[in-house]
Amino acid sequence: MCNAGLIPERTADPWRAFHLWSSDGAVILSANRTDAAGTLAGARDVFGPRLFVCRSPSTMAASATDSRHTGCGPVAQAGTGIDSVDLQVDFNPHVDGYLEYGNYYPDLVFVLSQRQATAGGEWFLVDGQRLLDAIASDPDCRALSRFLWEVELEPHRSTGAGQGAVMPPASGRTVASRTCGGRLTVRRHPDQRLPDGLSARSTNHRYLAAWAKISERAARVAPRFVLRPGELLCLDNYRVFHGREPCAGSGRTVHKLWAWTDMSFGLPCPDDLNRSCQVDSTAESSR
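Under numbering that gives the first Met the number 0, the first residue of the sequence shown carries the number 0, and numbering increases by one thereafter.
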C-alpha cells in the first residue's frame with residue numbers, strides 16, 4: 000500500500016495557502032498570531048467569503064494530570080473555557096465533527112499553535128484520497144473498494160460515553176463519496192459502524208476492519224511534524240485524516256476551529272450547532 004502520509008508546505012501568503020490547500024489537502028500558514036481570535040482571522044485570510052459558518056474556536060491545553068482521551072477531538076473542562084488533551088495515548092487518524100454533525104460535519108479544520116509542548120505532540124496527516132487510489136489500483140482490493148463507495152456507515156458514540164453525552168444525529172454515508180459539486184470526500188473515524196441491518200454480514204465487518212487497519216498503518220508510517228507557535232494548520236477535513244503523538248509534559252496550547260464553506264455537503268442545523276457547543280463539556284470529556 001502507498002505511503003499516504005504528508006507534511007504540509009508552509010507559507011506566509013494566504014493566496015498561496017489556499018492553492019496549496021486545494022492541491023494537497025493541507026497547508027501551514029504563518030499567521031504570526033497565537034491568540035484564539037487569530038484562528039478565525041487566519042481562516043478568513045485564506046478562505047475569505049467561502050466561509051459560511053464557523054464554530055467558536057476551542058482552546059486545548061495539555062495537562063499532565065488529566066488522562067482522559069477522545070481520539071477525535073478536544074476533551075472539554077467545564078467552566079474553564081480550556082480543553083485538556085490526554086498525554087498518554089496517541090490519537091487515531093480521524094476527521095473532526097463526525098460524531099457531532101453526522102452527514103453535515105465541517106469541511107475545514109484549523110489548528111493554531113500558541114505554545115509547544117516540552118516534548119512530543121508531533122502531528123501526522125494521512126491523505127485519504129491517496130489511500131482510496133491505492134486501494135482501487137490493487138486487484139486484490141476490488142471488493143474493499145466497492146465497500147468503501149457503496150456501503151453506508153453511521154457514526155456511533157462509544158459505549159464509554161457517560162451521562163449527558165449527546166448521541167450523533169441520525170445519518171448515513173459511505174466512506175467515500177462526492178459532494179453535489181463533485182468534491183471527493185473520505186471519512187475515517189474510530190466510531191464508524193455498520194447500521195444494524197448490515198452488521199450481520201461478516202464480509203462487511205471484514206471490510207470495515209480492513210479500512211481501519213489500512214488507515215492506521217498509514218498513520219503509523221506518516222511523517223511527523225511540529226506546529227510552531229504562530230503557525231496555523233489548515234486541513235481539508237473531507238480528504239485528510241489527522242492525529243497527534245502524546246505530549247510529554249505540560250505547556251502545549253493550541254486553538255482549534257471548525258468551519259463550513261460553500262464547498263461542503265451543507266450547513267448543520269442551528270439546533271445541532273448550538274447543542275454541540277453546549278455539550279462539549281460533557282459529551283467529549285466522557286470518553
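Glycine included, each C-beta is placed from N, C-alpha and C at the ideal position. None of these values were measured; they are calculated from a predicted model.
Next on the checklist: Taking 7 angstroms as the limit between beta carbons, can you name the residues of its chain near F51, skipping five residues before and five after?
Outcome noted: For F51, where only same-chain residues beyond five positions count, the Cβ hits under 7 angstroms are W259, T260, D261, L266.
Next on the checklist: Measuring only the C-alpha atoms, how far is T252 from R205?
Outcome noted: 39 angstroms
Checklist entry - Any idea what DSSP makes of V88, helix, strand or coil? => result At V88 the pLDDT is 43, less than 50, meaning the model places this residue with poor confidence; the figure from the coordinates comes in the next sentence. DSSP places V88 in coil when its eight states are reduced to three.
Checklist entry - H204 lies in the alpha helix (DSSP H); which residues open and close that run? => result 201–220
Item to check | Start and end residues, alpha helix (DSSP H) containing Q128 | outcome: 127–136
Next on the checklist: Looking only at its chain, what residues have a beta carbon closer than 6 angstroms to the beta carbon of A3, apart from the 5 residues adjacent to it on each side?
Outcome noted: Non-local beta-carbon contacts of A3 in its own chain, meaning distances under 6 angstroms to residues more than five positions away in sequence, involve V125, D126, R129, L130, A217 in chain order.
Next on the checklist: Quick check: what's the CA-CA separation for L256 versus A133?
Outcome noted: 31 angstroms
Item to check | Which listed residue (D12, A16, A11) has its alpha carbon closest to that of D235 | outcome: A16
Next on the checklist: Less than 9 angstroms between the C-beta atoms of G119 and C246, yes or no?
Outcome noted: yes
Checklist entry - Can you name, in chain order, every residue of its own chain whose Cβ lies under 7 angstroms from the Cβ of Q113, other than the five neighbours on each side? => result For Q113, the CB contacts under 7 angstroms within the same chain, skipping 5 residues up- and downstream, are T33, P228, T252, V253, H254 in chain order.
Checklist entry - Where does L266 fall in DSSP's three states? => result coil
Next on the checklist: Can you find the residues in the same chain that come closer than 6 angstroms, C-beta to C-beta, to G171, ignoring five residues on each side of it along the sequence?
Outcome noted: E151, E153
Checklist entry - How far does the beta strand (DSSP E) with P154 in it reach, from first residue to last? => result Under the DSSP assignment, P154 falls in the beta strand (DSSP E) whose first and last residues are 151–154.
Checklist entry - How would you write the range of the alpha helix (DSSP H) that S55 sits in, first residue to last? => result No alpha helix (DSSP H) holds S55; DSSP gives it neither H nor E.
Checklist entry - S201 to Y97, Cα distance in whole Å? => result Here the C-alpha atom of S201 lies approximately 25 angstroms from the C-alpha atom of Y97.
Next on the checklist: DSSP three-state label for V94, please.
Outcome noted: coil
Next on the checklist: Using DSSP's beta-bridge definition, name the partner residues of V239.
Outcome noted: D126
Item to check | Nearest-angstrom beta carbon gap, V110 and L226 [assumed within contact, 8 angstroms] | outcome: 7 angstroms
Next on the checklist: By DSSP's criteria, A254 is part of a beta bridge. Which residues make up the other side?
Outcome noted: For the sequence presented, residue 254 should be read as His rather than Ala. T58, L111, per the DSSP bridge assignment.
Item to check | C1 burial status per 10 Å Cβ neighbour count (16 or more: buried) | outcome: With fewer than 16 Cβ atoms within 10 Å of its Cβ, C1 is classed as exposed.
Checklist entry - Run through DSSP, which three-state label would V185 get? => result strand
Checklist entry - What's the C-alpha gap between H93 and A60? => result 20 angstroms
Item to check | Local conformation of T38 per DSSP, three classes | outcome: Helix.
Checklist entry - When burial is assigned at 16 or more other CB atoms within 10 Å of the CB, is H188 buried or exposed? => result buried
Checklist entry - For E121, which residues from the same chain have a beta carbon less than 8 angstroms from its beta carbon, with the 5 sequence-adjacent residues on both sides left out? => result R223, F224, V225, R243, E244
Item to check | Exposed unless 16 or more other CB atoms sit within 10 angstroms - verdict on S22 | outcome: exposed
Item to check | Top-ranked residue by Cα proximity to T117, from F264, C268, S263, G250 | outcome: G250
Item to check | Identity of the residues DSSP links to W20 by a beta bridge | outcome: BP columns for W20 are empty, so no partner.
Item to check | Under the three-state DSSP convention, the category L143 falls into | outcome: Under the three-state reduction of DSSP output, L143 falls in the helix class.
Checklist entry - Taking DSSP as the reference, what is the three-state secondary structure of Q76? => result For Q76, the predicted structure reports a pLDDT of 30, less than 50, and the residue's modelled location is therefore unreliable. The matter cannot be settled from this model.
Next on the checklist: Considering only the alpha carbon of each residue, which of S55, P48, G41, N102 lies closest to Q191?
Outcome noted: N102
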